[in-house]
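A.B. asks:
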Amino acid sequence: MSVETESGPPGADDASSGGDPSTVREVLARELAATDFRIILVTLLGVYALFAVFTFLGGGGLNTLGSTWVQLTFWFAAYAVLALALNLQWGYTGLFNIGVAGFMAVGVYTMAMLSTSPEAISGMGLGLPLVVGVIGGMTAAALVGLIAAVPALRLRADYLAIVTLGLSEIIRLTANSKTLSDWTMETFGFGTGGGSGTDLPARPTDSLTNEYLLPVVQGSGLEITDAVVRRFMWVLAMIGFVIVIYWLLARVGNSPFGRVLKAIREDELVAQSLGKDTRWFKIKVFMLGCALMGLGGILWQGSRGYVSPNSFMPIVTFYVFIAVIVGGSGSNTGSVVGSILFVGLLFEGPRTVASLFSNAVELGAVPSTFAGAVEPLAVFNFAPLLAYLFENISALRFVLLGIVLILIMQYRPDGVLGHRTESAAAIDLGRNGSAPARGDDNE
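Numbering follows UniProt numbering, with no gaps: position 151 of the sequence shown is 151.
(1) Any idea if S115 is buried or exposed, counting beta-carbon neighbours within 10 angstroms, 16 or more meaning buried?
(2) Which of the three DSSP states, helix, strand or coil, is assigned to I162?
(3) Would you check if the region 383 to 397 and the region 299 to 312 touch, i.e. whether three or more CB-CB distances between them fall below 8 Å?
(4) From L405 to I322, what distance separates their C-alpha atoms?
(5) Answer with buried or exposed for Q218, where buried requires no fewer than 16 other C-beta atoms within 10 angstroms of its C-beta.
(6) Would you say the region 133 to 151 touches the region 286 to 303, given that touching needs at least three Cβ pairs under 8 Å?
(7) What residues in its chain sit with their C-beta under 6 Å from that of R397, if we drop five residues either side in the sequence?
(8) Span of the alpha helix (DSSP H) holding N332?
(9) If you draw a straight line from the C-alpha of T174 to the C-alpha of L153, how long is it?
(10) Per DSSP, what kind of secondary structure is T352 in: helix, strand or coil?
(11) Could you check if A378 is buried or exposed, using at least 16 other CB atoms within 10 Å of its CB as the buried criterion?
(12) From E186 to G125, what distance separates their C-alpha atoms?
(13) Using only CA atoms, which one of D206, T64, F37 lies nearest to G334?
(14) Quick one, are the C-beta atoms of A52 and L44 less than 8 Å apart?
(15) In the DSSP assignment, find the alpha helix (DSSP H) that holds N63 and state where it starts and stops.
(16) Let's see if you can read the secondary structure: which residues bound the alpha helix (DSSP H) around M313?
(17) What alpha helix (DSSP H) runs, 4 residues minimum, are completely inside the region 90 to 165?
(18) For P192, which residues does DSSP report across the bridge?
(19) Hey, which unbroken runs of the alpha helix (DSSP H) at 4 residues or more fall wholly within the region 369 to 426?
(20) Let me know if E348 comes out buried or exposed under the rule of 16 or more other beta-carbons within 10 Å of its beta-carbon.
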């Protein structure tokens with residue numbers, strides 16, 4: 001008599017009967033990758049559909065919708081790069097880095113000083129090729145991370161957070177300094193531009209867009225402006241970087257290096273007892289994460305053609321942490337999904353809804369104080385309160401962020417995808433990967 005059993009994924013029976021465990025891992029990895037792709041795609045399309053409804057309800061046309069989608073995708077990609085970098089440090093290794101904005105600034109300012117034209121209106125550069133500037137910016141961010149890591153990684157997580165936050169502010173104030181705004185040597189000059197900021201090299205995608213894509217769009221009769229098309233091409237390049245970084249970190253997580261990172265996060269003393277130089281591992285992963293943060297700063301500010309120290313306030317780091325927390329610490333897919341949800345529902349969503357209702361509904365004069373907005377509620381007049389909320393939506397957005405964080409910590413502390421078993425979240429430590437380690441299923 002045959003007994004039916006629950007069938008596992010393809011290849012699982014072969015593994016249990018002595019098959020090749022590597023084949024099973026490859027099959028499972030492909031299935032997980034397909035699932036991750038579907039999760040990211042469904043989340044992205046859902047946010048796109050939501051904003052399409054908002055746009056058409058507000059009377060916007062095709063150009064408005066295209067501009068809105070391009071803007072959303074830009075923020076998705078920018079925060080995804082930064083969230084993946086932070087997840088490598090915090091989610092994989094447990095390094096609490098609150099200096100994300102500072103390492104972004106190092107990357108973009110180094111790129112500016114290397115690649116900006118010497119004749120720039122604001123700031124000065126050496127005029128080197130953009131590729132040299134990008135590599136130099138990432139290298140500089142990694143070196144600053146090394147300088148910070150050597151003494152700071154000896155500290156506990158809370159003290160490491162204080163050190164990185166202070167370093168981030170030192171970097172921002174240094175870029176804001178008038179002393180470093182313009183260095184002139186005998187044959188060349190460069191500088192940060194001080195509080196006035198500095199110009200950045202032109203987007204490399206613009207020339208390709210002008211030559212190949214714009215004629216096609218203009219000939220098609222679509223009511224899409226040239227600016228939207230140019231920004232769309234830059235956003236496509238950013239998505240390419242997100243894919244490459246995601247693949248890189250997935251490889252890191254699946255490697256022996258990634259297993260050590262997970263061991264350090266769970267119990268550093270145990271990792272040391274197994275002969276691992278945990279301090280050197282933490283330094284390397286901290287440098288890699290800082291280099292990616294520098295790249296994130298370059299991609300973020302590179303689309304604007306200009307950067308100033310005010311672009312790197314501590315709130316930027318706070319936003320990146322929210323994206324990682326929402327998606328789930330320790331999950332690369334969670335970092336991307338968290339970035340999409342953060343941008344769509346918490347960052348751009350409130351402003352879009354406020355703009356839609358303000359244009360569609362006549363709410364009257366906006367009260368100057370909160371008391372003046374609440375007082376008409378006594379006679380069931382909600383218009384002044386709504387007008388006040390929509391007018392001050394940028395400030396009230398922080399209240400919404402706080403409420404969302406409290407709810408996540410209370411009901412979903414692992415985030416949307418943080419509960420899943422991933423390479424850096426629960427490594428299979430069984431021999432040859434064929435026997436799961438005890439307790440892995442519960443991690």
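Ideal Cβ placement from N, Cα and C applies to all residues, glycine included. On a predicted model such as this, the values are computed, not experimentally measured, just so you know.
C.D. replies: Looking at the coordinates:
(1) buried
(2) The DSSP-derived three-state label of I162 is helix.
(3) no
(4) 8 Å
(5) exposed
(6) yes
(7) P350
(8) It spans 332 to 341 - the alpha helix (DSSP H) in which N332 sits, taken as one unbroken run.
(9) 23 Å
(10) helix
(11) exposed
(12) The pLDDT assigned to E186 is 46, lower than 50, so where the model puts this residue is not dependable; a value taken from the coordinates is nonetheless given after this. Taking the straight line joining both Cα atoms gives about 14 Å.
(13) F37
(14) no
(15) 62 to 86
(16) Premise fails: M313 is in no alpha helix (DSSP H) and is neither H nor E.
(17) 100 to 115, 130 to 152
(18) It should be pointed out that residue 192 corresponds to Thr in this sequence rather than to Pro. For T192, which the question treats as bridged, DSSP gives no partner whatsoever.
(19) 370 to 374, 383 to 391, 393 to 411
(20) Under this definition E348 is a buried residue.
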